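Worksheet: the structure to be examined is printed underneath.
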Ligand code: ARG
C-alpha cells in the first residue's frame, strides 16, 4: 500500500472506532487546504448527538503520536481534521514504493481466475467501432487484472457459427476458394457478406442450397467443414492485422468462437430440462428468466432452441458459462460487450443462476460501453455511409501522427520517426477511447486525440519523453539514482510525490469499476503535477548535488509510474519524441 491517504485512513480508523464505539470509515479526502482532510467526525457526531469539533478533538487524543506520518494536524471548520504529511514520511514511502515491483500498488487479497471475453468480431463481417471499443477496453482490463496478481484467460468469442454460414459457404463455392480468400484476406469482409446476402434474398435456388448447406455444416460434413474453415481463417487473418496494428494482447490462441461450444449445446438443453426450467413457446424451447417482461408486461423468453432445431446466441452464451466455470474454474466472468446487449447478458446471467451454474463466489460482470460518434453526433460511419474499415482508420492514425512528429521534432531519424509515430497514432486512438467513462458515447475527433495539449495520449507520452530526456542531458543512467533517498521539501515536490504514491489507489479505482478512464484521469494529473514541478524546481541546475540527485530520483519515479500506467492502458511510452 503506498497511497498516503489510505495510510492516514488506516491509522485513524482505530481512533475513530475508540471514540464512536464501533467501526467507522474516517473518510479521508484530498483537499485544497491540506494534503488530506479527515471528514469522519461529522458522521460520528451526528450518531452520538454531540458536537463534531469535540469528536475531532477526542479522535486526536485517541490516535496518540502520529508524528512519524503527519507533521501537522489541525481541526478546521465544522470538525474536519486537516493533515499535513511529514516530508520524512513521504520520502520513505516513495523509496519503498519505488523498490516494489508493482510500484506500491497493492496486490489482490484473493487471487482469482478471470475470463475476459472481449473483441469478439464476426466472421465474414467487418469489425465495427464497437469491436474496437471492446478490444481496447478489454485489453486494458486484462492488463490491470494481471498486474494485481489475478490469473486471466483471454477469450475472443468470435461469431463463427449459425445459419448465415450456409449462404456464406455457398457464395464461397460460387466465386471459388481463391477469390474468396483474396477478398476476405484483404479485409473486404462486408463486400463478401453483402454479395452472399443479396443472392440469398434474390435467388430461391441459392436459398435452398444455403439451407441444405447449414444442415451439412451442423452434421459435420468434412467438405463443408473445410470450406467453413477457409472462411474463418481468412477472416481471422484480417482481424489479426487489426490486432497487430492496435498492439493488443490477443492472439489466435485466444479465439474461442461460438463454434467451439457445439458439443455443449445439447447438454445445455438437457440440463435446463432436468431443472424443469424449459418450456415450449411458439414451437421453440425457451426459458422465462425471473423478472423479465416485455412492454405489455408479458414474461420475456430466452430462446434456447428454435422450432427448426437450431440453437441460438443465448444457447452458446449459456454453454460459455458452463465451460468457463466448470472446465476453466474461473470465478470472475467478464464480458466486454456494448451496452445494447445488456438485456441479453442479464437474461443469460439470470438463467445460469436459476439453474445453478452461476453461484457465489462466481461472479458474472457485464462491462458495457457506449457508442463512437462522428462529428455529426451520429454513429461513426465512413464517408459513403458504410462501416468504417478499422485497418484503414488505424493506418490513418499513424499517418497523422507521422506528420505531427515531423513538425515537432524534424531532426528525428526516419526509422525512429516511424516507430514513434506508430506509438503515438495508435496510442491516441486507444487513449481517446479509454479516457471517457466507458458507459458514455464519445466523439471520434482526430484533432483532439492527436493534440499535444490536454488529456490525450500524445500529452502523456510527451511528458514521459521529457522526463527521460532530463537523464540524457544529465548523462546519468536512470537506475543510478534509484538508491537515493529523496528529500521532499518544495510544495511542488510534495504534490508530485503524493501523486506518484497515489498510483496505488488509481489502479484500484480503475479496476474496482472496470473503468480505465479513472486511471487516465490520474495519469493526466500526474503529468500536470510533473509540469508544475519541472517549471519551479530546477533539476539539472539544482542548488546542491544532493538536491539534484533527489530531484532526479523524483523524475525517475514519475516516469516509471507514467510508463507503467500507460502500459496498463496498452499504450507505449517512447523515451524520445
Ligand atoms: N459477436 C458478438 C457481436 O459482434 C459479440 C459477442 C460478445 N460475447 C458474448 N459472449 N456474447 O455483437
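In my numbering, the protein residues as written are -19 to 557.
Beta carbons are placed, not taken as given, at the ideal position from N, Cα and C, and that holds for glycine.
As the structure is a computational prediction, the values presented were derived from the model and not from experiment.
Cα atoms of residue 468 and residue 451: separation of roughly 20 angstroms, rounded to the nearest angstrom.
Going by DSSP, residue 531 is part of the alpha helix (DSSP H) stretching over 525 to 548. In this chain, the beta strand (DSSP E) harbouring residue 346 covers 343 to 347. In this structure, residue 367 keeps its C-beta atom at 9 angstroms or more from the C-beta atom of residue 223. Judged by the Cβ position, residue 300 qualifies as a neighbour of ligand 1 at the 8 angstroms threshold, a heavy atom of the ligand being closer than this. Taken through DSSP and simplified to helix, strand or coil, residue 435 comes out as coil. Exclusion of residue -2 from the 8 angstroms shell around ligand 1 follows from its C-beta lying no nearer than that to any non-hydrogen atom of the ligand. For residue 82, there is no enclosing beta strand (DSSP E), as DSSP marks it with neither H nor E. Rounded to whole angstroms, the gap between the alpha carbons of residue 10 and residue 337 is 43 angstroms. Ranked by Cα distance from residue 91, the first of 109, 125, 85 and 25 is 125. A residue is called buried when at least 16 other Cβ atoms come within 10 angstroms of its Cβ; residue 410 meets this threshold and is buried.
Per the coordinates, the alpha-carbon of residue 507 lies some 41 angstroms from the alpha-carbon of residue 139. In the DSSP assignment, residue 41 falls within the unbroken alpha helix (DSSP H) covering 32 to 43.
Here residue 369 is buried: its Cβ has 16 or more other Cβ atoms, across all protein chains shown, within 10 Å.
According to the DSSP assignment, residue 64 belongs to the beta strand (DSSP E) that extends over 60 to 65.
Under the DSSP assignment, residue 193 falls in the alpha helix (DSSP H) whose first and last residues are 184 to 198. Assigned with DSSP and collapsed to three states, residue 261 falls in strand. At the C-beta level, residue 117 and residue 413 come within 9 angstroms of one another. Under the rule that a run must span 4 or more residues, the alpha helix (DSSP H) segments found entirely inside the stretch 200 to 234 read 202 to 226. The alpha-carbon separation between residue 241 and residue 301 amounts to approximately 11 angstroms. In the displayed model, residue 102 falls within a strand according to three-state DSSP. Residue 48 and residue 86 have their C-alpha atoms some 22 angstroms from each other.
Under the criterion of beta carbons closer than 8 angstroms, residue 283 and residue 264 qualify as touching, at roughly 5 angstroms. Around the CB of residue 273, fewer than 16 other CB atoms lie within 10 Å, so the residue is classed as exposed. Pairwise C-beta distances place the stretch 339 to 351 out of contact with the stretch 185 to 196, as fewer than three of them are shorter than 8 angstroms. Closest in alpha carbon position to residue 143, among 77, 315, 103 and 108, is 103. Distance from the CA atom of residue 494 to the CA atom of residue 347, rounded to whole angstroms, is 7 angstroms.
When DSSP states are grouped into helix, strand and coil, residue 131 belongs to the strand group. In this structure, residue 497 lies away from residue 436, with their beta-carbon atoms at least 9 angstroms apart.
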